[in-house]
Structures are given as C-alpha cells and as structure tokens.
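Sequential numbering from 1 applies to the sequence shown in full-length UniProt numbering.
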Amino acid sequence: MTQKIAILGASGYTGAELVRLIATHPGMEIVALSADRKAGQSMAEVFPFLRHLDLPRLQKIDEIDFSGVDLAFCALPHATTQVVVSALPRDLKIVDLSADFRLRDVAEYEKWYGQPHTAPDLQAEAVYGLTEFYRDEIRTARLVAGTGCNAATGQFALRPLIEAGVIDLDRILIDLKAGVSGAGRSLKENLLHAELSGGTHSYSAGGKHRHLGEFDQEFSAIAGRPVRVQFTPHLLPMNRGILASVYVEGDPARIHETLAARYADERFIEVLPFGAAPSTRDIAGSNFCHIGVLGDRIAGRALVVAVLDNLTKGSSGQAIQNANLMLGLDEAAGLMLAPVFP
1 MTQKIAILGA SGYTGAELVR LIATHPGMEI VALSADRKAG QSMAEVFPFL RHLDLPRLQK
61 IDEIDFSGVD LAFCALPHAT TQVVVSALPR DLKIVDLSAD FRLRDVAEYE KWYGQPHTAP
121 DLQAEAVYGL TEFYRDEIRT ARLVAGTGCN AATGQFALRP LIEAGVIDLD RILIDLKAGV
181 SGAGRSLKEN LLHAELSGGT HSYSAGGKHR HLGEFDQEFS AIAGRPVRVQ FTPHLLPMNR
241 GILASVYVEG DPARIHETLA ARYADERFIE VLPFGAAPST RDIAGSNFCH IGVLGDRIAG
301 RALVVAVLDN LTKGSSGQAI QNANLMLGLD EAAGLMLAPV FP
C-alpha cells in the first residue's frame, strides 16, 4: 500500500530535496505540499528542476486535509515547527527537519536557540532521528526529530569511539567545512555570490554553534559523564556537502577497527581502508556517509574524516530513512541513488 505524504515547507532546499527523493520512492506518494509566501504556485514555478513531476500545488498549511495523510515531513524554520506540530492531528506521524525537538531538555533548547520551548509535551515524546543509533525507538515513534547536519557528521565519526572507550574524551576537536545550502534558502547578505565566492570563513566559532547542544547531549549520554568537544565550522563556497576533520587521541589502528566493525552492516555508511581520506565529491546528492581514519606522525593521535551531503544524509535523506522505519517500509527505500559525479 502506498503511503500518503505531506511536505510542510516545500519551497525550501530540504523541502525540494524531499520531493526529489520521494519522486522515485516505491512506497510513497506526495498528496500535499505547503509553503507560506509561495502558496498558490506550482512546484515547477518555484523549482524548475522539478517541472517533470506531477505534483500538488503549494498551499497554506491550514488548507491541507490531513485525514488522508499517513506521514508529514516538517521542513519549516526553527520555532515555527513547535506551533505547527501542536495543531496537527495527534495520530499523524511526523518527521521534523528543524531543530525544535532535537534537544530533550527544554532548558537546553532555550539556552541554544534563545527562546522558551512552547511544546514541552511534544518534546517529551520526540525521538532523536540519528537512524543508525535509534532504529528501535524510531520504528514505534509518532514524532521524530531530525538531527542537525553538522551534528550528524560529527556523531558518525565519534559515537562508536566514545562507546568503545578508545579515545580520550577530553581532547576531541572537530574542524568542519560546510556547503552554503546548509544556511537555507532565505536571502542573506553574507551568502551573496560576490561575498562568499573565492574565500572561506569560520562561523559561530568559540563554542557558540547551536549544534554543540546535540554533541553535548548525545556524547555525554553515551559516556555517562559530561563530554565537551571543541567545534569550529567553516563555510565553503560550494553548494552541497560537509567534511568534518575530527582530531582525537588514541591508537589509530584500533580507532579504524572500531568504526569498521560498528558500521559493517550499515548500508549508508562506508568506512574506507585505513589511511584513505574521503571527499565530499564522492557523496554529493546521495544518502551515503564516508569515513576515513589516518594516523599521525605523533604517536597516539589520529584523524577521523567524515563526509556527507548536508541536504541528503544530513537532512532530507535521513528524514526519509526515518519515515521508512515509521511506516514499516524497507529502510533504504528510495535512497539507494548513486552520488552525482562529477
């Protein structure tokens, strides 16, 4: 039976990515698409690259009849989702791509996002959406909170190492490079081509980036004590992709063995041979994450490099992976597209 899907916030990058992936999904059909300022338009008008698809017109959320919808993806701005989800039918399955339900402690949400959480009852039922580590909870969840794309990349590199106790938990440094689509589709002066192209810069540096809340929450829970990583993201003049260089202290060979063993049966995570480093060009447009481990000339130190596409594995692909589990479908359905190259 085909599952009926609504996408709320379909006029943004992650909304368009959801449409692109679901277009060839064997078990999903898009029956409703929402947008705010672009309500009434067709997806072909908003995203010409989707003009070949027969899609419903964009409409306001309050115009959608959810009685025939099995699952809704919420690709809405932070804070907006809390209000929207609170008004949706309580039996509707929801995968949220915003930050609104990622942090279990509402006080932590207020700390990192600068405003009180308005739906603590929903937060209590939300399941963190890092699929490879929360499968059992996701299968039975009604509301799944997608991870931050930077947070997902760092966690794929580090979670197994923290679980296995093979690295020094007090000396972890994440140096991350991200493509510009991670900043969303809204017009921003610093993202103009003339100001972004030809250079790069760090942002939210000095322990200010919001995804640190996810790192703190997840790594501390695994370790059973506070774990605080040093994290600096950088914006690169490319459309898609994240590359995280993670510097750790531990035996490089054992680190590689730990990651290879943990991900041996994962369809979307590839651990490269020891000494090989991945590239964002190898995962563009796909739901794959590649991880490499390299030793250092200084004994006892290692570099773990993780790459993924921020719009796919870091957001919309992850969302579909979670939705597949929630709907009883094959977890990889609609997601085995090969990366785009060159």
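The C-beta atom is built at its ideal place from N, Cα and C for all residues, glycine as well.
What whole-angstrom Cβ distance do residue i and residue j have, given they're in contact under 8 Å?
{"i": "L335", "j": "L33", "result": "Not quite, the Cβ-Cβ distance comes to about 20 Å (not below 8 Å), so this is no contact."}
{"i": "L196", "j": "P237", "result": "5 Å"}
{"i": "T258", "j": "V166", "result": "5 Å"}
{"i": "L243", "j": "V304", "result": "With 8 Å as the limit, L243 and V304 do not qualify as a contact, their Cβ atoms being about 11 Å apart."}
{"i": "Q41", "j": "L58", "result": "5 Å"}
{"i": "H211", "j": "A151", "result": "4 Å"}
{"i": "residue 365", "j": "A319", "result": "Only positions 1 to 342 of the chain appear in this structure, which leaves residue 365 out of reach."}
{"i": "T153", "j": "G129", "result": "T153 to G129, Cβ: 14 Å. No contact."}
In the DSSP assignment, find the beta strand (DSSP E) that holds residue i and state where it starts and stops.
{"i": "D175", "result": "L173 to A178"}
{"i": "A145", "result": "L143 to A145"}
{"i": "S34", "result": "M28 to S34"}
{"i": "I167", "result": "Per DSSP, I167 belongs to no beta strand (DSSP E) and is neither H nor E."}
{"i": "V271", "result": "I269 to V271"}
Quick one: give me the first and last residue of the alpha helix (DSSP H) that residue i is part of.
{"i": "M326", "result": "G317 to M326"}
{"i": "L243", "result": "That residue, L243, is in no alpha helix (DSSP H); its beta strand (DSSP E) goes I242 to E249."}
{"i": "D96", "result": "It is not in any alpha helix (DSSP H) - D96 instead sits in the beta strand (DSSP E) that spans K93 to D96."}
{"i": "L50", "result": "Run containing L50: none; DSSP gives neither H nor E here."}
{"i": "E266", "result": "Per DSSP, E266 belongs to no alpha helix (DSSP H) and is neither H nor E."}
{"i": "residue 344", "result": "Here the chain comprises residues numbered 1 to 342, so residue 344 is not present and cannot be evaluated."}
{"i": "Q41", "result": "Q41 -> no alpha helix (DSSP H), and no H or E assigned at all."}
{"i": "I283", "result": "Counting along the chain, I283 falls outside any alpha helix (DSSP H), and DSSP gives it neither H nor E."}
Provide the residue(s) that pair with residue i in DSSP beta bridges, ordered along the chain.
{"i": "G292", "result": "V305"}
{"i": "H201", "result": "L235"}
{"i": "Y128", "result": "A145"}
{"i": "L158", "result": "Bridge partners of L158: none, in fact."}
{"i": "A6", "result": "A32 and A72"}
Please name the residue, chosen from the options, that lies closest to residue i on a Cα-to-Cα basis.
{"i": "R297", "options": "K313, G285, D251 and A338", "result": "D251"}
{"i": "M43", "options": "D36, R51 and R37", "result": "R51"}
{"i": "R240", "options": "Y13, I320, G206 and E110", "result": "Y13"}
{"i": "I174", "options": "G182, G198 and S202", "result": "S202"}
{"i": "Q115", "options": "Q41, V95, A35 and A99", "result": "A99"}
{"i": "T131", "options": "G40, P342, A323 and L337", "result": "A323"}
{"i": "I5", "options": "L92, Q41, D62 and G40", "result": "L92"}
{"i": "L294", "options": "G314, V271, I283 and T280", "result": "V271"}
{"i": "E249", "options": "A141, A302 and R262", "result": "A302"}
{"i": "L88", "options": "E108, D65 and G148", "result": "D65"}
{"i": "F215", "options": "S204, A205 and Q230", "result": "Q230"}
{"i": "A277", "options": "T80, V127, H256 and G328", "result": "H256"}
{"i": "residue 345", "options": "G292, D136, T140 and A164", "result": "No answer is possible for residue 345: the residues shown for the chain start at 1 and end at 342."}
Can you grab the Cα-Cα spacing for the pair residue i / residue j, in whole Å?
{"i": "R254", "j": "V69", "result": "47 Å"}
{"i": "L191", "j": "V180", "result": "7 Å"}
{"i": "L143", "j": "A299", "result": "45 Å"}
{"i": "L71", "j": "G15", "result": "14 Å"}
{"i": "F47", "j": "S11", "result": "8 Å"}
{"i": "Q82", "j": "K60", "result": "17 Å"}
{"i": "Y134", "j": "R37", "result": "35 Å"}
{"i": "A39", "j": "L55", "result": "14 Å"}
{"i": "L158", "j": "W112", "result": "22 Å"}
{"i": "P273", "j": "F73", "result": "36 Å"}
{"i": "G207", "j": "G199", "result": "22 Å"}
{"i": "E108", "j": "F288", "result": "30 Å"}
{"i": "A145", "j": "A261", "result": "27 Å"}
{"i": "I138", "j": "Q155", "result": "18 Å"}
{"i": "I30", "j": "E63", "result": "16 Å"}
{"i": "V246", "j": "K177", "result": "11 Å"}
{"i": "T2", "j": "P226", "result": "44 Å"}
{"i": "A264", "j": "D170", "result": "27 Å"}
{"i": "A126", "j": "S316", "result": "18 Å"}
Checking contacts by CB at 9 Å: is residue i closer than that to chain B?
{"i": "L21", "result": "Annotation note: the requested chain B is absent from the structure, which comprises a single protein chain."}
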